[in-house]
Structure formats: structure tokens, C-alpha cells
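Engineer: Everything in the sequence shown is counted per this note's numbering, starting at 8 for the first residue and increasing by one. Backbone N, C-alpha and C fix where the C-beta goes; we use that ideal spot for every residue, glycine too. Please see the structure below; I have some questions.
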Amino acid sequence: ITSLDTASASYAYFRDTLEGGLDNYTHRVKLGYSRQLTSLDLGSINYRLHVFASQDNATTFTNTPTLAWKRQLTPNTVLTLEAGPRFVSGGPAFTDDTVEPEAHAGIEHTFKQAKVALEYHRTEAVVVGRPGKVELESVTGSVPRHASSSRQPRDPLSGPETVPLAIRSPARRLQPLLA
């Protein structure tokens with residue numbers, strides 16, 4: 008792997024419990040490879056395996072390879088696109104294997120004191136108390152709250168880095184009074 012390449016791998020395990028309901032167990036494995044294609048473009052190939060297990064229900068397996076592209080549109084704006092097929096087998100609702108779409112699109116803009124984002128996801132998720140997985144399609148926007156006020160306290164060490172001339176220093180003017 009060179010300075011233009013990045014590889015990633017992760018594993019996560021979740022156990023969701025609803026008292027008096029079903030327990031859901033989810034295993035998630037993610038593998039990825041990214042390459043800086045140009046100074047503005049990043050390309051990625053990713054793979055995700057999900058295993059959804061629930062009490063007294065068939066286990067669902069999903070295999071999802073995706074291709075992704077990230078583009079720096081301006082110095083402060085980034086566009087992300089990712090998509091691929093999701094191969095589903097097993098589960099309480101399936102008698103045959105199926106293929107479902109997996110997609111993510113997002114745009115993010117950074118201002119001086121805030122970051123604004125708009126994202127679309129089509130993926131899978133777990134609903135606590137319900138067996139297997141469900142399809143999730145969402146559009147989200149975010150604008151983080153950031154307090155900006157001239158009344159905020161200043162760091163006492165963040166004063167000027169230059170020292171005024173001794174002749175203009177208030178301490179020099181007060182010195183005869185202190186003697």
C-alpha cells in the first residue's frame with residue numbers, strides 16, 4: 008500500500024433486547040480499500056457482511072459490495088456517492104435469495120463556524136423486538152449548533168504575543184507612585 012492507498016477492516020457485534028420480546032443479534036464485518044485518484048477525487052471499493060439472528064427465526068445473511076466516489080467540489084464542499092447490490096439470503100420473510108439496492112449520497116459544506124450536510128441512505132437496519140432486518144430509506148440534514156458570542160470567556164493565555172514598549176507600559180507609568 009502506498010501513500011495514495013488506504014485499507015480498512017472492522018467487526019461489530021450488537022445484541023438488542025426487548026423485555027418480553029425477541030432478542031436480536033447482529034454481526035457486521037466491513038472491509039474497504041480507497042485510493043486517491045486525483046487531488047480532488049477518492050475512489051473506494053467496499054464489502055460488508057451482515058448476519059442478523061433472532062430467537063426462534065431463521066438467520067438472515069447479507070453480502071454488500073459497493074463502489075464509492077468522493078469529490079472535493081470546492082475547498083469547502085465535498086460530494087460522496089456510494090452504491091451496490093445487497094445479496095440477501097435466509098431470514099424470516101424470505102423463501103428465496105433476493106437482491107436489493109444499497110445506496111448513499113451526501114453533500115457537505117463547511118463554513119467558518121459550522122458544517123452543513125444533506126444525506127440520502129438506502130440500507131438495512133434492525134428494529135428491536137422484530138425478527139430479521141428491515142429496509143431503511145432516509146434523507147437527513149444536519150446543521151450542528153455552535154454558540155458564538157463575544158461574551159464567551161477568553162483563554163487567559165491567548166493574549167497578544169508581542170510586548171509593548173517599556174516606555175508605554177502602564178507598569179512603567181505607575182512605577183513612581185509605587186516607590
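According to the Cβ coordinates, are Val85 and Leu56 closer than 7 Å?
Structural biologist: Against a cut-off of 7 Å, the Cβ pair of Leu56 and Val85 comes out as no contact.
Engineer: Here's a check: name, in chain order, each residue in its chain whose Cβ is nearer than 6 Å to the Cβ of Arg42, leaving out the five neighbours to either side.
Structural biologist: Leu11, Asp12, Gly50
Engineer: Rounded to the nearest angstrom, how far is the Cβ of His111 from that of Thr81, given a contact under 8 Å?
Structural biologist: That belief does not hold up - the Cβ atoms of His111 and Thr81 are roughly 21 Å apart, past 8 Å.
Engineer: So, helix, strand or coil for Asn83, using DSSP?
Structural biologist: coil
Engineer: Rounded to a whole number of angstroms, what is the C-alpha to C-alpha distance between Pro160 and Gln79?
Structural biologist: Bear in mind that the predicted position of Pro160 carries a pLDDT of just 48, short of 50, making it too unreliable to give a figure here.
Engineer: So Arg55 is in the beta strand (DSSP E); what residue range does that whole segment cover?
Structural biologist: 48-61
Engineer: Just list the residues that DSSP pairs Asp23 with in beta bridges.
Structural biologist: Asn31
Engineer: Within the 7 Å Cβ cut-off, does Ile52 reach chain D?
Structural biologist: Of the chains in the structure shown, none is chain D; there is only one protein chain.
Engineer: Could you tell me the alpha carbon to alpha carbon distance between Ser17 and Thr73, rounded to whole angstroms?
Structural biologist: 16 Å
Engineer: Beta carbon of Glu144, beta carbon of Arg129: below 7 Å?
Structural biologist: yes
Engineer: Are the Cβ atoms of Gly136 and Glu126 separated by less than 7 Å?
Structural biologist: no
Engineer: Give the secondary structure of Asn70 by DSSP, where H, G and I count as helix, E and B as strand, and everything else as coil.
Structural biologist: strand
Engineer: Going by C-alpha to C-alpha distance, which of Phe94, Ala60, Val95 sits closest to Phe21?
Structural biologist: Ala60
Engineer: For Gly148, which residues in the same chain have their Cβ closer than 8 Å to its Cβ, ignoring the five residues on either side in sequence?
Structural biologist: Val123, Ala124, Leu125, Glu126
Engineer: Cutting at 8 Å between CB atoms, please list the residues of its own chain near Leu44, excluding the five before and the five after it.
Structural biologist: Gly50
Engineer: With DSSP as the reference, label Asp104 as helix, strand or coil.
Structural biologist: coil
Engineer: Report the option in Thr67, Val134, Thr33, Leu47 whose CA atom is closest to the CA atom of Asp103.
Structural biologist: Ranking Thr67, Val134, Thr33, Leu47 by Cα distance to Asp103 puts Thr67 first.
Engineer: Using the Cα positions of Gln62 and Val133, report the straight-line distance between them to the nearest angstrom.
Structural biologist: 14 Å
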